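Just below is one structure, and these are the notes that go with it.
Protein chains in written order, with the working numbering: chain C, 271 to 630; chain V, 87 to 223.
Here's what the structure looks like:
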């Protein structure tokens, strides 16, 4: 009888079944940041994300993540979108991908858009510096493989400019004159080559991630980096240590890759979190950044940054997340996008933040 | 009353507990840890290199929460955090939600290298391509 029931039901559902298997989820949220040194920090208060992925057939899948965080960079609405081809080589799985990527630098490089997995409302800037976004977003090719606990990813492509027309051109591959804004475009030198790779080890308690990459910001300015992250989880506690070493260079200084000198920009981050229960997590972080090198010669505060923070994450319901944080900071080397350098004292200041997000 | 509704009512009436079902050529011995890796998309491939397609019930449904608790030994929020870490980073595609056990059975039976779960009261022995795991390891 039950078998008959199953067969009859299957006929009904088969009619309703969508030809394409897909996954769709998203969130919408609001964040507010207040600082004692500058009042105009919340230029991106709104969060919106939509993630779609689908297996197009046995070997090909598609994934698209749209986001909107307000502000002026509307062109960044596509966080990533790519086609992925899966095959295997001597039983070793291989993913070949083409499209726009979010280069997954650091332990949380891939987590920054989703409020539930972000390391903070204000993330450790010494590792996830806003101005390093050129290292995080780009389009091109990527190859990924996984063997037991190890994962390897290698990408090569172009960085994405904060320019809407160029973004359209980059993503749609439509010639500028076809879209009739040829006169506004100055494509030369706007796109830089990006190479990004990481090796990641994961087991029940440990995550170890080592990354290397470089980006040519334009024909004159380039940078290479090495990142290292370690996460250890034990019962309800998680501790993380990360470092990011950046070697900025110009064609004039002609510093070659792997020729790391003492003039590196160095970022360090240490985090500790405690999961109180299924709905509440308390987290804290200390991160510091020191800018060296000959590309920049500015005053004391612009060459350093350190920040100590504590925050609480509270799942009000399955779908609603609330977070709040308090930061004590010094220096402004990694806050250049938001902080004017001329008329404020960055010796010692505070930032407070809260955010609420609805997931669907 | 349509048959789909009838089945839903039956599932509510029975105390819902799940069996793992999968469609893969090789026989798999999957423990709680490995299932957790698969259902949070951290493990994306079977050992022979083929890609795993994962089906679940709606993520906030009682049946899925019950499955996560019983089989993966995780709280629901911890599960969602792990899953979203993989999918929103762009390293894995998401899970495919299906509405009912019948839908789940059809999808798994017709999708090579897939895995899902189904109410353990349903008798599905003999369904072509589908293997069953009845007890968490």
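Built from N, CA and C at the ideal position, the CB exists for glycine as well. Source: prediction; values computed, not measured.
### Query
Of the residues that make up the stretch 366 to 397 of chain C, which ones have a beta carbon closer than 7 Å to any beta carbon in chain V?
371, 372, 374, 380, 381, 383, 384, 386, 387
### Task
Tell me residue 332 of chain C's beta-bridge partners as DSSP assigns them.
Taking the first residue of the first chain as 1, we reach residue 332 of chain C at position 62. Residue 332 of chain C is bridged to C:324, C:353.
### Task
Could you check how far apart the C-beta atoms of residue 383 of chain C and residue 349 of chain C are, in whole angstroms? I think they sit under 8 Å.
The sequence position of residue 383 of chain C within the first chain is 113, counting from 1. The sequence position of residue 349 of chain C within the first chain is 79, counting from 1. Their Cβ separation, rounded to whole angstroms, is 5 Å, which keeps residue 383 of chain C and residue 349 of chain C in contact under 8 Å.
#### Entry: Residue nearest to residue 353 of chain C in terms of C-alpha spacing, selected from C:380, C:557, C:297, C:324
Here residue 353 of chain C refers to the residue found at position 83 of the first chain. Comparing Cα-Cα distances from residue 353 of chain C to each of C:380, C:557, C:297, C:324, the minimum goes to C:324.
### Query
Per DSSP, residue 106 of chain V forms a beta bridge with which residues?
Taking the second chain and counting its residues from 1, the one referred to as residue 106 of chain V is at position 20. BP columns for residue 106 of chain V point to V:203, V:219.
### Message
If we define contact as Cβ-Cβ less than 8 Å, is residue 331 of chain C a contact residue for chain V?
### Response
The residue you call residue 331 of chain C lines up with position 61 of the first chain. Cβ-Cβ to chain V under 8 Å: yes for residue 331 of chain C.
### Task
For chain V, find out if any of its Cβ atoms is closer than 8 Å to the Cβ of residue 505 of chain C; answer yes or no.
In the first chain, residue 505 of chain C corresponds to position 235, counting from 1. So no, residue 505 of chain C is outside the interface.
### Query
Between which two residues does the alpha helix (DSSP H) carrying residue 165 of chain V extend?
Your numbering for residue 165 of chain V matches position 79 in the second chain. Unbroken alpha helix (DSSP H) run through residue 165 of chain V: 162 to 173.
### Query
In chain C, which residues lie less than 7 Å from residue 114 of chain V when you measure between Cβ atoms?
For this step, residue 114 of chain V is matched to residue 28 along the second chain. In chain order: nothing, as chain C lies at least about 15 Å away.
### Message
Does the structure place the stretch 576 to 584 of chain C close enough to the stretch 552 to 562 of chain C that three or more beta carbon pairs sit under 8 Å?
### Response
yes
### Task
Please state if the CB of residue 511 of chain C and the CB of residue 500 of chain C are separated by a distance shorter than 8 Å.
Here the question's residue 500 of chain C lines up with position 230 in the first chain. Here the question's residue 511 of chain C lines up with position 241 in the first chain. Yes, the Cβ-Cβ distance between residue 500 of chain C and residue 511 of chain C is below 8 Å.
### Query
Would a check of beta-carbon distances place residue 126 of chain V closer than 8 Å to chain C?
Walking along the second chain from the start, residue 126 of chain V turns up at place 40. No, its Cβ sits nowhere closer than 8 Å to a Cβ of chain C.
#### Entry: Alpha carbon of residue 170 of chain V to alpha carbon of residue 125 of chain V, nearest angstrom
Taking the first residue of the second chain as 1, we reach residue 170 of chain V at position 84. Taking the first residue of the second chain as 1, we reach residue 125 of chain V at position 39. Each residue's Cα considered, the two are about 11 Å apart.
### Query
Per DSSP, what kind of secondary structure is residue 118 of chain V in: helix, strand or coil?
On the second chain, residue 118 of chain V is found 32 positions in, with the first residue counted as 1. Here residue 118 of chain V sits in helix by DSSP.
#### Entry: Contact list for residue 181 of chain V against chain C, beta-carbon separation under 8 Å
Within the second chain, residue 181 of chain V is the residue found at index 95, counting from 1. Simply 293.
#### Entry: At least 3 beta-carbon pairs within less than 8 Å: the stretch 359 to 372 of chain C vs the stretch 184 to 201 of chain V
no
### Query
Distance, Cα to Cα, residue 315 of chain C vs residue 619 of chain C?
Translated into positions along the first chain, residue 315 of chain C becomes position 45. Translated into positions along the first chain, residue 619 of chain C becomes position 349. If you take the alpha carbons of residue 315 of chain C and residue 619 of chain C, they lie about 21 Å apart.
### Task
Check whether the Cβ of residue 217 of chain V lies closer than 8 Å to any Cβ atom in chain C.
Taking the second chain and counting its residues from 1, one reaches residue 217 of chain V at position 131. Closer than 8 Å: no.
### Task
Pick helix, strand or coil for residue 208 of chain V, following the three-state DSSP scheme.
The residue you call residue 208 of chain V lines up with position 122 of the second chain. Residue state, collapsed to three classes: coil.
#### Entry: Interface residues of chain B facing residue 134 of chain V [CB-CB closer than 7 Å]
The displayed structure is made up of protein chains C and V, and chain B is not among them.
### Query
Using a C-beta to C-beta distance shorter than 8 Å, which residues of chain C count as neighbours of residue 139 of chain V?
Start at 1 with the first residue of the second chain, and residue 139 of chain V comes out as number 53. Chain C residues near residue 139 of chain V: 291, 325.
### Query
Going by Cα to Cα distance, which pick from C:293, C:373, C:386, C:476 is closest to residue 586 of chain C?
Counting from 1 along the first chain, the entry for residue 586 of chain C is found at position 316. Among C:293, C:373, C:386, C:476, the Cα nearest to that of residue 586 of chain C belongs to C:386.
### Message
Checking the sheet assignment: what are the DSSP bridge partners for residue 507 of chain C?
### Response
By 1-based counting over the first chain, the position of residue 507 of chain C is 237. Residue 507 of chain C pairs with C:504, C:544.
### Query
For residue 512 of chain C, which residues in chain V fall below 8 Å Cβ to Cβ?
The residue you call residue 512 of chain C lines up with position 242 of the first chain. Those within 8 Å of residue 512 of chain C in chain V number zero; the least Cβ separation is about 16 Å.
### Task
Could you tell me whether the stretch 354 to 363 of chain C touches the stretch 145 to 155 of chain V, using the rule of 3 or more Cβ pairs below 8 Å?
no
### Message
Between which residues of its own chain and residue 601 of chain C is the CB-CB distance below 6 Å, once the five residues before and five after are set aside?
### Response
Counted from its first residue, the first chain places residue 601 of chain C at position 331. These residues qualify, in order along the chain: 571, 574, 575, 616.
### Query
Could you give the distance in angstroms between the alpha-carbon of residue 593 of chain C and the alpha-carbon of residue 625 of chain C?
For the purposes of this step, residue 593 of chain C is identified with residue 323 of the first chain, where counting begins at 1. For the purposes of this step, residue 625 of chain C is identified with residue 355 of the first chain, where counting begins at 1. Rounded to whole angstroms, residue 593 of chain C to residue 625 of chain C spans 5 Å at the Cα level.
### Message
Which residues in chain V have a C-beta closer than 8 Å to the C-beta of residue 501 of chain C? List them in chain order.
### Response
Taking the first residue of the first chain as 1, we reach residue 501 of chain C at position 231. Chain V residues near residue 501 of chain C: none, gap ~11 Å exceeds 8 Å.
### Query
If you compare alpha carbons, which of C:493, C:515, C:557, C:329 is closest to residue 395 of chain C?
Working through the first chain from its first residue, we reach residue 395 of chain C at position 125. Nearest C-alpha to residue 395 of chain C: C:557.
### Task
Could you name the residues of the same chain whose beta carbon sits closer than 6 Å to that of residue 422 of chain C, not counting the 5 residues immediately before and after it, in chain order?
Here residue 422 of chain C refers to the residue found at position 152 of the first chain. Excluding positions up to five away in sequence, the list reads 415, 469.
### Query
Going along the stretch 463 to 475 of chain C in order, which residues come within less than 8 Å of chain V, judged by CB to CB distance?
472, 474
### Query
So what does residue 597 of chain C bridge to, in DSSP terms?
Position 327 of the first chain, counting from 1, holds the residue named residue 597 of chain C. Note: residue 597 of chain C sits in a beta bridge opposite C:579, C:621.
### Task
Can you tell me which of the three DSSP states residue 128 of chain V falls into?
Indexing the second chain from 1 puts residue 128 of chain V at position 42. Coil.
#### Entry: Near-chain C residues of the stretch 148 to 172 of chain V - C-beta to any C-beta below 8 Å
161, 162, 163, 164, 166, 167, 170, 171
### Query
Applying a beta-carbon distance threshold of less than 8 Å, which residues of chain V neighbour residue 350 of chain C?
As a working note, residue 350 of chain C is residue 80 in the first chain. Those within 8 Å of residue 350 of chain C in chain V are 176.
### Query
Are the C-beta of residue 130 of chain V and some C-beta of chain C separated by less than 8 Å?
Your numbering for residue 130 of chain V matches position 44 in the second chain. Closer than 8 Å: yes.
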